[in-house]
Each structure stands twice: as structure tokens, then as C-alpha cells.
Amino acid sequence: MRIVATTPFDGQKPGTSGLRKKVKVFAQPHYLENFVQAVFDTLGPVPAGAVLVVGGDGRYHNRTAIQTILKMAAAHGFSRALVGQGGILSTPAASCIIRKYQAFGGLILSASHNPGGPEEDFGIKYNAGNGGPAPEALTDAVYARTRSLTEYRLVDAPDVDLDTLGETQVDGLTVQVIDPVADYADLMESLFDFAAIRSLIAGGFRLRFDAMHAVTGPYAREILEKRLGAPAGTVINGMPLEDFGGGHPDPNLVYAEELVAEMFGANAPDFGAASDGDGDRNMVLGRNFFVTPSDSLAVLAANATLCPAYARGIAGVARSMPTSGAADRVAARLGVPCFETPTGWKFFGNLLDAGKVTLCGEESFGTGSDHVREKDGLWAVLMWLNVLASRKDSVEAIVRHHWAEYGRNYYSRHDYEGVDSDAANGLMAHLRAAAPGLAGTVLRGYTVALCDDFAYTDPVDGSVSTAQGIRVLFTDGSRVVFRLSGTGTSGATLRLYVERYEADATRHDQPTQEALADLIALADDVAGIVARTGRDAPTVIT
Ligand code: G6P
Ligand code: ZN
């Protein structure tokens, strides 16, 4: 074992979902090592036989980072490392494998939906033995450790062949290169009615899945094309590439343009979906029809019992605060609780572990359940396919029926990316100061019921998370929410979330931006977005 002297780096504070920086930052000598050592130091000595799962979304720097991590894991006393072949493990597959093999934890290498390549982003996060992202107490402790460490430890050993299945000894650590897909595909097959989906597809139902040259290609090919019998070519952009083919692997209407063009074009398939860099996000489309992530959660909750794994009903639902209230209405009808958490999948972990909720979702194209402790892109696709196979209706018809039954939550998110950090912080500080005085005032005809900075008390462990976003709630149930993204890597990203509830089914056909126009204008009145950021329009609207 070798002990290497080091000094702390600034800014190794994990964000919403781990530490994300430019590859150039990660590639600096000692940078990754410092962070991994801080994680290991925080975990403390691991028990005999401890297993570490390691894998990533295949982006540039993935393989280099894995080799370093394996040498450090050996030095820290792990007995076994399970590594996806080629260094590949989607985030939900990593969660599945941690749980299935009762690993001590896992290190997942990804910057999710951020672009990859030498000039782009890299990331790392630690998931605990429940398969979920480390809770804030742990990530705070890791950050504190990055501020004080003076050395890291690794063994001197040759690099491991990551492409060949099997075991290699690395100075006391057994590195096992595993099939990254099989365990995950088996889990999916245990949750959903594959026979029904297979006959739906055999009956001529057409689907398209865009893997965006990111990690889900091999997973989608195995599940959709092999196990479910969809024709070859159903999965497009299915080869994981280190730079995602130069694309931005974020499944939304802007970045999944190839899929969107097909789904809104002539002769569109019945169902289209895409996933992100590391496979945990999803976008679901019908023919000429976009399902918002908030609606998707609500529809899946309302139809969950059609799927074998959820046939006995769901315990409850959780959504992040900025996610629309559509799921709340379903939960109320089902007589189960609905929890409102801060943004970040880690906040669902305790609720899932305690059995308080079965389904979770976020407006940021994340949906999942208690089958793993991450959101799960292909899982959402399969749940939709199971519902479609069972209801024998189109995506659009299912969503429209849902609105007719529950009312429609018009919803949109406006992102202002790469804004000057001081301007963004100034805007939030201004809102925070204004918040207490807003209640009771009337803005463009909307009466403010409450304005606060969202805080969350975890009902399981009592931990409190403050300053999670400014909400302006109106008396008619509409709201606007402002927060700064915790996942960006350059400047600040301001997110504005706008929602309006419409019960009247004759008014469910308005274009979303039109339906929300007053609230969008009002948001600028309150926050001074244009004046403070110098931007007269958002960079992305979803
Ligand atoms: C990641 C996290 C999600 C989060 C999303 C947006 O995907 O896993 O939990 O909702 O990023 O986060 P942000 O802080 O950028 O709004
Ligand atoms: Zn992701």
C-alpha cells in the first residue's frame, strides 16, 4: 500500500446528486483520489467481506476513474468489487446490484444528463447499502473531510481488464467484472407483465426508444428488443459513446430532438421514450403527444395496480416540491399519503426504506419506485408499456381521461442556464427578503396565500433541510416556485416552475405556455428575472 501526501481542493461539495465538475478538474492530480478518500474516511473501516459496486455511464474519464477507485478500494480493505463490464452500470442498475448482492455501497461515475467528453462534465457519487444516494448528513461529512485530509491510500497494481467477464485479484481485493445488464433486466421482468407487453408489440404496437448514445442502449436492446420482441432498430442511438455522440443526453423536448421529430411527424409510432446519460431519467411521448413528468407520475400512480408488482396497491406517493400537485390528487383518491420533499432523489430514500411510499417522481424527468433506490428511466418506460398493454388505449387517451377525472395541472419549467452566480444569488436573496410581505397581496389577479422558502423535515429521521426554494402559493391552487439548480457545473441555473390547476374539462386543451402566461409574467414582476439576469427568455422550457 502506498500513502500519498495531498492537500485539500476547494469546492468538493457534493451537489443535488454527487460531485460534478468538468473533466479537466477531475483529471488534476489527486482530485478524484482526494474525494474518494474522503468518502472512505467518512465511511470508516469496512467490515470483513465488504463489497463495493463500481460503474458509470461510460462517459469520457470513466475507465480511468474506475482503475483509480479499484486501487483505493483495495487499500481501504474492501474484499470484493463488482464492476460492470466495460465500466458500464446505469445508475438504477448500480442500485439494483448493490441491493441484490448486499454490497456495502457503491461508487457511481456519472454527470447524469450533462454532456461528456474531454471538455465536458464528469461526476462521482456514493450510494449506500440500501442502493440509494448518500443522505445529506453523509455528503456533508464527506465535504468536511475533503477540507482537512492530508493523504490518501492506494495499492500499486496493474490496471484491471474491464472488458472481460471474470475475477482478478488486486492486492487482496477481488475485482469481479459482471454483466451490467442481466440482473437489472431480470428485476424488470419480475415487476411487469412481460407476456402482455410482448403480445401488445406482436400485435403491431410500434415503439421507439432513444438511448441518446448513453448508458441505456445495452439495457434497452436486451429488454425491449430481445426479451419483449420489439423489432431490431426500436432502440436508436443505442451505442454508448464517451461523448454521447456530441449530444446532450437529457431526455426532454429540446435535447431528444431526433425522437421528438419522429413522434410529432407523419406515421409516428404509438409510443416513444428516451433516457439520459446514466439511465435514471425518462421522457414519455405518445403519437403527437408529450407527457409531462408530473402527469406521468400521477397516471402511473392511478394505474399502478395494473402491474404485477403493484397489484396490491401502493403505500403512498412522494414528489419533489417543484413537481406539480397532480399526484397529490391521485393519492387523495386512493386514500394514501403524498409526501412533498426537496429536489433530489436522496430525499425519497427514507420514505421508501420505511415503506411509507411505493412510487416517487420529480418534474425533472425522474420517476421510480421501491424496486431500487434511484429513479429509473427504463422502469418508467416498462410501467407505461404495461399500462398501455392492459388498457389497450393510446398514451394521449389515457392522459386525457386522467385529466377529465382528476383535473389538469398545467405545468411548465423555465430554465435560465449559465447565469452569473452573483446575479442569481442576488435574485434569490431579494425573493427571500420579499417573501414574508407577500402573503395577502394580489398580483395580476392572483391572491398570494403563502410565500416561503421551502423547508422539509424528514418524517423518518427528523432531519431538517432548509432553503430549498421560494414558493409563492396562490389561493386558487396555482403557484410559482424559484430555485437554483444544484446540478449545474458552470455559473448558476435559475429554475422557475409554474403551475395552474384547471378542473374544467372543456378547458384542458390550451397550449401550456398560453395557459400559464399570466403566472409567467407575474413571476418576472416578483423576481425581476429579466432585469437581474439580463436574459429576456429562458434557455430551456420543459
Ligand atoms: C438530478 C437529481 C434529481 C433532480 C434533478 C434536478 O437528476 O437526481 O433528483 O431533480 O437533478 O436537480 P436540479 O438541482 O438541477 O434542479
Ligand atoms: Zn441521470
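If you read the sequence shown in our numbering, its first letter stands for residue 17, the second for the next number, and so on. Ideal Cβ positions, reconstructed from N, Cα and C, are used throughout, including at glycine.
(request) Could you tell me the boundaries of the alpha helix (DSSP H) in which residue 210 lies? (result) 210-218
(request) Check whether the Cβ of residue 128 lies closer than 8 Å to any heavy atom of the ligand G6P, and answer yes or no. (result) yes
(message) Rounding to the nearest angstrom, what Cα-Cα distance links residue 439 and residue 445 in this structure?
(response) 10 Å
(message) Applying the 10 Å Cβ sphere with the 16-neighbour rule, what's the burial state of residue 136?
(response) buried
(request) Please confirm if the stretch 227-246 is in contact with the stretch 351-366, defined as three or more CB-CB distances below 8 Å between the two stretches. (result) no
(request) Please classify residue 328: does DSSP put it in a helix, a strand, or coil? (result) coil
(request) Could you check the C-alpha separation between residue 490 and residue 215 for me, to the nearest Å? (result) 47 Å
(message) Which of the three DSSP states is assigned to residue 112 in this structure?
(response) helix
(message) Pop quiz: residue 295 and residue 394 are said to be a contact at Cβ under 8 Å. What is the actual Cβ separation, rounded to whole angstroms?
(response) 7 Å
(request) Would you kindly check if the distance between the Cβ of residue 509 and the Cβ of residue 431 is under 9 Å? (result) yes
(request) With a threshold of 8 Å, establish whether the CB of residue 37 neighbours any heavy atom of the ligand G6P. (result) no
(message) Does the distance between the C-beta of residue 147 and the nearest non-hydrogen atom of the ligand G6P fall short of 8 Å?
(response) no
(request) Alpha carbon to alpha carbon, how far is residue 361 from residue 126? Give it in angstroms, no decimals. (result) 15 Å
(message) Here's a check: name, in chain order, each residue in its chain whose Cβ is nearer than 6 Å to the Cβ of residue 157, leaving out the five neighbours to either side.
(response) 58
(request) When you get a sec, list the residues whose CB is within less than 5 Å of any heavy atom of the ligand G6P, chain order please. (result) 32, 33, 359, 360, 361, 378, 380, 501, 502, 503
(message) residue 264 and residue 129 - do their beta-carbons sit closer together than 9 Å?
(response) yes
(message) Just verifying my parser: in three-state terms, what is the DSSP assignment at residue 117?
(response) coil
(message) Assuming contact is defined by CB atoms lying nearer than 9 Å, are residue 365 and residue 31 in contact in what I supplied?
(response) no
(request) Round the Cβ separation of residue 7 and residue 223 to the nearest angstrom and send it over; I've been treating them as touching at under 8 Å. (result) An answer regarding residue 7 cannot be provided, because it is not within the stretch 17 to 558 covered by the chain.
(message) Applying the 10 Å Cβ sphere with the 16-neighbour rule, what's the burial state of residue 186?
(response) buried
(request) Report whether the distance from the Cβ of residue 383 to the nearest heavy atom of the ligand ZN is below 8 Å. (result) no
(message) Based on DSSP bridge pairs, tell me the residues matched to residue 303.
(response) For residue 303, which the question treats as bridged, DSSP gives no partner whatsoever.
(message) I need the DSSP call for residue 437, collapsed to helix, strand or coil.
(response) helix
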